[in-house]
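Chains as they are written, first to last, in this note's numbering: chain H, 3 to 492; chain B, 6 to 134. Taking it in order: structure first as structure tokens, then the write-up.
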Amino acid sequence: MSPSEQHPPVFERIATGVPGLDPILGGGLMASGVYIVVGEPGAGKTLFANQLCYSQARQGTRCLYVTLLAESHSRMLSNLRGMAFFDASQLPQRIYYVSGFRMLEEQGLPGLLELLRREMRNHGAGILVLDGLVQAQEAAGSSRDFKKFIHELQVSAGLSRFTALLLTSSVGPTVHPEYTMVDGILELRERTAAMRSWRELQVRKFRGSASLGGSHHFRISEAGVEVFPRLESMVSRAQPPDWGAQRVRFGVPTLDAMIPEGIAAASTTLVMGPPGCGKTLLGASHLAEGLRLGEPGLMVSFYEGPERLLHKAASVGLSLGGAVKDGRLVLQWNMPAECNLDMVVHAMMEDVRKRGVKRLFVDGLSAMVETTHEPARISPFFAALTQELRRHGVTTVFTLETPRLFGPDMDVPLGTGLSGVAENLLFMRHLELNGRLRRLLSIFKLRDADYDPTLREFLITSQGIEVQPPFQPSPELLLTGIARFPGNHS
Amino acid sequence: MVPATETVLVVDDEQGILEALADLLREEGYRVLTASHGREALERLAEVKPDLVLTDWMMPVLDGPALIERLQQDPALRGIPVLGMSAVDVSGLRRQHPGMEFLQKPFDIRALMKLVRRALDATPSVQGG
Chain H
3 MSPSEQHPPV FERIATGVPG LDPILGGGLM ASGVYIVVGE PGAGKTLFAN
53 QLCYSQARQG TRCLYVTLLA ESHSRMLSNL RGMAFFDASQ LPQRIYYVSG
103 FRMLEEQGLP GLLELLRREM RNHGAGILVL DGLVQAQEAA GSSRDFKKFI
153 HELQVSAGLS RFTALLLTSS VGPTVHPEYT MVDGILELRE RTAAMRSWRE
203 LQVRKFRGSA SLGGSHHFRI SEAGVEVFPR LESMVSRAQP PDWGAQRVRF
253 GVPTLDAMIP EGIAAASTTL VMGPPGCGKT LLGASHLAEG LRLGEPGLMV
303 SFYEGPERLL HKAASVGLSL GGAVKDGRLV LQWNMPAECN LDMVVHAMME
353 DVRKRGVKRL FVDGLSAMVE TTHEPARISP FFAALTQELR RHGVTTVFTL
403 ETPRLFGPDM DVPLGTGLSG VAENLLFMRH LELNGRLRRL LSIFKLRDAD
453 YDPTLREFLI TSQGIEVQPP FQPSPELLLT GIARFPGNHS
Chain B
6 MVPATETVLV VDDEQGILEA LADLLREEGY RVLTASHGRE ALERLAEVKP
56 DLVLTDWMMP VLDGPALIER LQQDPALRGI PVLGMSAVDV SGLRRQHPGM
106 EFLQKPFDIR ALMKLVRRAL DATPSVQGG
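As structure tokens, this is what we get:
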């Protein structure tokens, strides 16, 4: 084979064992690379590095974990014992903890480097973690000495084929100029706004392949570190499949009659209206109709718990309990105060993929939106989400609460971003007429379908939902929410 | 109070733990030598023969098992009682080394002192350094 025919080298990847991280890195860390993990104390660096070690150890790779004035090994292991990934049987054969502090104190960086090389060789290790790089940096006589140390470590990693993670607390700038010579820099940080805090991971540098830019949320639980790649960065730019002429109905015959062809399959419908106008039941009907046709359903809710929702649906003749029991319908309920947009959507999309969900109902879009601290992110996020749902052929109903119960103004609480993303818009409202509260529904917009735009009364009875013939009083008056019969303008 | 002639060699790569253990044993009246890994321990042993070796398991340069092996190979050092200690689950180490006592880190100081005392009392003095 001539040199020109040789294939470019394909670098082996090291799976991190951290859910969600490898897709961000384009498949994992590069074998024989040297990576810096930077973050404040408590950011999760040690946990992250250990998680990687236990994951690699399970695959037979030996790991050497060298600490420099970090917490004691027994304290570290005590903290790890509660983690799902912890496996005592890997110790000390496959994961070996030593301290390099004394060597660093007595012999400086050359002594530490020698210790690392020798121990990696003695243990036949493929992964090196150096926890406390900041100590090495402080022990270095000069910036040049520190760079030399990192360079020599890189050379050793290349020759001895090990992958190194250097953990360091961020002192001063997050990324020192000395760090730029490594193969990658991962930053872990905790951010706080008002009373809430959240964790973010950012790939500041990654040599050898593209990585997903921006910040990605992560959490620390008994499962260890779990990263939730930002949806906008994950969504394919490719055109979603064309679902052609497939059509979907709400399962409310009188409402479906207003859309003779049905709504487009894999489209997104936004149902807006004030509390109590029937949005949730319309969404429940959407799911029930899908179940009747054998389509797996998913409901994501924020306010009402699963039991209450099932009871509410049952009260109008929509029996969903059986489908929940046999797994055709899944209810994902989230506490609105503590949920996180990326995590909610991650769980949602995972279920969509796993069960081939065809109908999705998200009850309480505003709760979902309120979980983010970046309002500018909402429109691109939902554009990405709807595209992803379309790609999976999921027909989705979102409900969005409008704050005003009555009145002439029609509020779209989240600006035009969301209503612009939704292909179909249904508007519901209350109307007080002749001393009786009525619910009204109108279709504002539908993609690729003719529809009846008249204003209809929406009845909820124990028999189900029903849409009445066009409402008689003047529609322009009705739009104010304060109806008067024609001729009575006083 | 113990006789001041009883010497304990403490071997641990974690500097903080090494110093803390040395202080505690000195307070109890022992004469204490320290080493931060097995090879350093062998250097100490070439100078002074302690009454007990208290050694960590995972260490750089020369680890706990390698140190014990060297002690057993050397007729002059073979009789020195050894106590192992480790942050890893010591039940596995006990199975691998049935004749040895191990302390699970983090340990209770009183348990450590009791075990040190028991090991010393069970063995005739090996003074001579």
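Backbone N, C-alpha and C define an ideal beta-carbon position, used for all residues, glycine too.
Only counting runs of 4 or more residues, tell me where the alpha helix (DSSP H) segments fall wholly within the stretch 52-133 of chain B, in order along the chain.
69-78, 95-101 and 114-127
Where does H:D244 land, buried or exposed, given buried means 16+ other C-beta within 10 angstroms?
exposed
Could you check if B:G149 is buried or exposed, using at least 16 other CB atoms within 10 Å of its CB as the buried criterion?
The shown model of chain B, from 6 to 134, leaves out residue 149 of chain B, and the question about it has no answer.
What are the uninterrupted segments assigned as beta strand (DSSP E) that are 3 or more residues long and contained completely in the stretch 262-342 of chain H, given in chain order?
270-275, 299-303 and 331-335
Tell me the rounded alpha-carbon separation between B:V16 and B:I22.
10 angstroms
Determine whether the Cβ of H:M94 lies closer than 7 angstroms to any Cβ atom of chain B.
Here residue 94 of chain H turns out to be Pro, not Met, going by the sequence shown. Yes, H:P94 lies at the interface with chain B (some Cβ there is under 7 angstroms from its Cβ).
Report all residues from its chain with a CB closer than 6 angstroms to the CB of H:N436; omit the five preceding and five following residues, and keep chain order.
none
Is the Cβ-Cβ distance between H:E180 and H:S223 less than 7 angstroms?
no
With a threshold of 7 angstroms between beta-carbons, can B:Q20 be considered close to chain H, or not?
yes
Can you give, in chain order, each stretch of the beta strand (DSSP E) that sits fully within the stretch 8-69 of chain H and has at least 3 residues?
36-41 and 65-69
Could you please give me the residues that DSSP links to H:R355 through a beta bridge?
Its beta-bridge partners do not exist; DSSP assigns none.
Buried versus exposed, by CB contacts within 10 Å (16 or more), H:R431:
buried
Could you spell out the range, first to last residue, of the beta strand (DSSP E) harbouring H:Q470?
G466 to P472
Answer with buried or exposed for H:T18, where buried requires no fewer than 16 other C-beta atoms within 10 angstroms of its C-beta.
buried
Near-chain H residues of the stretch 74-107 of chain B (beta-carbon distance less than 8 angstroms), N- to C-terminal order
S91, A92, V93, D94 and G97
Residues of its chain near H:V237, where Cβ-Cβ distance is below 6 angstroms and the 5 sequence neighbours each way are ignored
A386, Q389 and E390
For H:V250, does the three-state DSSP call read helix, strand or coil?
strand
Label H:T270 either buried or exposed according to how many other C-beta atoms from any shown protein chain fall within 10 Å of its C-beta, with 16 as the threshold for buried.
buried
Per DSSP, what are the beta-bridge partners of H:M430 in this structure?
H:L443
Boundaries of the beta strand (DSSP E) in which H:L362 is found, first to last residue:
R361 to D365
Within 10 Å of its beta-carbon, does B:E11 have 16 or more other beta-carbons around it, so buried, or fewer, so exposed?
buried
Kindly say whether H:A86, judged by its beta-carbon, lies nearer than 7 angstroms to any beta-carbon of chain B.
no
Leaving out the 5 sequence neighbours to the left and right, which residues in its chain are closer than 6 angstroms to H:T374 when beta-carbon positions are compared?
L343
Beta-carbon gap between H:F208 and H:M301 smaller than 7 angstroms:
no
Under the three-state DSSP convention, the category H:G186 falls into:
strand
Taking C-beta pairs closer than 9 angstroms, name the residues in chain H that B:M64 reaches, listed in chain order.
V100 and S101
Within the chosen definition, does the stretch 24-44 of chain H reach the stretch 34-52 of chain B through at least 3 CB pairs nearer than 8 angstroms?
no
How about H:H125: is its C-beta nearer than 7 angstroms to some C-beta of chain B?
no
With 16 other CB atoms within 10 Å as the buried threshold, where does H:V157 fall?
exposed
At least one CB of chain B closer than 7 angstroms to the CB of H:L117: is that the case?
yes
Classify H:V237 as helix, strand or coil using the three-state DSSP reduction.
coil
Counting only Cβ pairs nearer than 7 angstroms, list the residues of chain H close to B:K110.
S76
With 7 angstroms set as the bound, which would you pick, yes or no: does the beta-carbon of H:E121 sit closer than that to a beta-carbon of chain B?
yes
Using only the alpha-carbon positions, how far apart do H:E73 and H:F304 sit?
40 angstroms
Just to confirm, is the Cβ distance from H:F230 to H:H348 under 7 angstroms?
yes
Helix, strand or coil for H:L168 per DSSP?
strand
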